[in-house]
Amino acid sequence: MFGAMVSLRLAGVGCSVTVFERLDGILGGASFNNQNRLHLGFHYPRDMDTAEQCIRGFERFRKTFEPSILGDFPNAYFIASEGSRTTSDEYLAFCQALGLSHALFDVDTFEPSIAGVDLGVLVDEVVYDCGILRNLISSWLSDSKVLVETNANVESISRTEGGFDIHLTNGDVQTFDAVVNSTYADVNRFARELGHAVPDRQYEYTVVPILEWQAEPVGITVMDGPFMTVLPFGRTGQFLLYHVDHTVISRDVGQNLNRAWLDPLASPAAGLDKDRFLSEIFEACQSFVPSLSKARHVGFLQGPRVVLANSDVTDTRPSIVESAEPGYVSVFAGKIDHCVWVADEVVDQLGLS
């Protein structure tokens, strides 16, 4: 998603742009295989910077991708009665400090019934439909001068006298004046090849159940700890179920992603006991939303994601745009709703604005 938006923005200022996509189509990685929440900041009471980045990106993303947006459904955040890192009073103070519009309500009146919570607020967050979003981006790329090479696995990057060479696994080598590294979980690998210092990252493999549950869309998020979220899966009529303790099935801290995680036959999900996994995640989530006992599992979203290492205390999820040398910009992607302003920052750092 970030690479697509950056490429469109660069093409818009007159650049000749090539996108190398490892998969057979765009938006097949973390952009599709995770929660589809468009954040306004409510999810980050322990990190004001991430919340402010979400506010910065929300309206631009919503307007840019309006056909993919699903709103007009009750979307609520709750503070758990036990185990929350943020109290009800602290959460309300956080919302007030950021100017986040919200409406308090009696948690006993919410439908479906919610258990084990002390505070409930209705919010204006929405979700996006990944399929519609992918079609929009694909259409815009087709209408632009951006060349998208799919099934293009970049082996390495090297510096030349006037720019950079991109080496593909098929033996092809292409030369460019500038490179934008928006490879998400592979950002560090290519940066190291150019001699740049790279930090440790926390790589996480997630499995998100897709559910058939109830007729009407609803959003439920229980904060602030090892709790759960259920959200509409775009316009499909289905839902995505997430639990902090169960959705992440493997973690690894280091400078590079374990390449086996990109292979469906060797990834952490390959050996997952899915019946046990579903039993555990349903049991944990039903403690807050009892009617999830009526839900039916119909599929999974799965794949790797990357976050800052050692960030559990704040749960920070920033987007970071950096240029370690002229002509080279790296994008550490936080939340998808940051992608529009991140594309602007890439153009600025390349001196093209």
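Numbering-wise, the working numbering puts 326 at position 311 of the sequence shown, and it's gapless, one number per residue. Glycine included, every Cβ here is placed at the ideal spot set by N, Cα and C.
Going by DSSP, what residue range makes up the beta strand (DSSP E) through G234? 234-238
Opposite N196 in the DSSP bridges: which residues? S345
Assign R332 to buried or exposed, taking buried as 16 or more other Cβ atoms, counted over all protein chains shown, within 10 Å of its Cβ. buried
Count the other CB atoms, across all protein chains shown, that sit within 10 Å of the CB of S99; report buried if there are 16 or more and exposed otherwise. buried
Could you say which of N185, D158, L162, H261 lies nearest to S171 if we only look at CA atoms? N185
Using a Cβ-Cβ cut-off of 7 Å (strictly less than) and excluding sequence neighbours within five positions of L411, which residues of its own chain qualify? The structure shown does not extend to residue 411, since the chain is modelled only from 16 through 368, so no value can be given for it.
Can you say whether L119 is buried or exposed, counting buried as having 16 or more other CB atoms within 10 angstroms of its CB? exposed
I'd like to know whether the C-beta atoms of H261 and A206 end up nearer to each other than 8 Å. no
Would you call F88 buried or exposed, if buried means 16 or more other Cβ atoms sit within 10 Å of its Cβ? exposed
Applying the criterion that 16 or more other CB atoms from any shown protein chain within 10 Å of the CB defines a buried residue, is R61 buried or exposed? buried
Should the region 123-132 be called in touch with the region 302-309, which here means at least 3 C-beta pairs below 8 Å? yes
Could you have a look at H117 and say whether DSSP puts it in helix, strand or coil? strand
Going by DSSP in three states, R52 sits in which element: helix, strand or coil? strand
Count the CB pairs spanning the region 209-221 and the region 324-341 that are closer than 8 Å, and state whether there are at least three. yes
State the CB to CB distance for the pair S368 and A348, rounded to an integer number of angstroms; the pair is presumed to be in contact (CB under 8 Å). Rounded, the Cβ-Cβ distance is 20 Å, inconsistent with contact.
Return the CA-CA distance between Q364 and V336, expressed in angstroms with no decimal places. 8 Å
Does the distance from the C-beta atom of E176 to that of R320 stay below 8 Å? no
Straight-line Cα distance separating D39 from V195: 20 Å
Under 8 Å between C-beta atoms of E140 and L255: no
Among G318, L53, F125, S197, which residue has its Cα nearest to the Cα of S86? In the sequence on display, residue 86 carries Gly and not Ser. The shortest Cα separation from G86 among G318, L53, F125, S197 belongs to L53.
Under a three-way DSSP split, which group does S294 fall into? helix
Could you give the distance in angstroms between the alpha-carbon of A193 and the alpha-carbon of L162? 15 Å
Is it buried or exposed for R291, if we count other Cβ within 10 angstroms and need 16 for buried? exposed
Please determine, among A275, L246, E227, R274, the residue with the shortest C-alpha to C-alpha distance to H312. E227
Taking only three categories from DSSP, how would you classify A284? helix
Apart from the five residues just before and just after H117, which ones in its own chain have a Cβ nearer than 6 Å to its Cβ? C110, V136, V138
Which stretch, first to last residue, makes up the beta strand (DSSP E) that contains S171? 169-174
Out of D158, E164, A167, T190, point me to the one whose CA is closest to S173's CA. T190
Reduced DSSP secondary structure (H/G/I, E/B, other) of V357: helix
Would you tell me roughly how many angstroms separate the C-alpha atoms of N49 and P279, rounded to the nearest one? 16 Å
Closest to G286 by C-alpha separation, out of I235, V222, I296, E231, would be which residue? V222
Are the CB atoms of N90 and G249 within a distance shorter than 8 Å? no
What separation, rounded to the nearest whole angstrom, lies between the Cα atoms of S103 and L134? 6 Å
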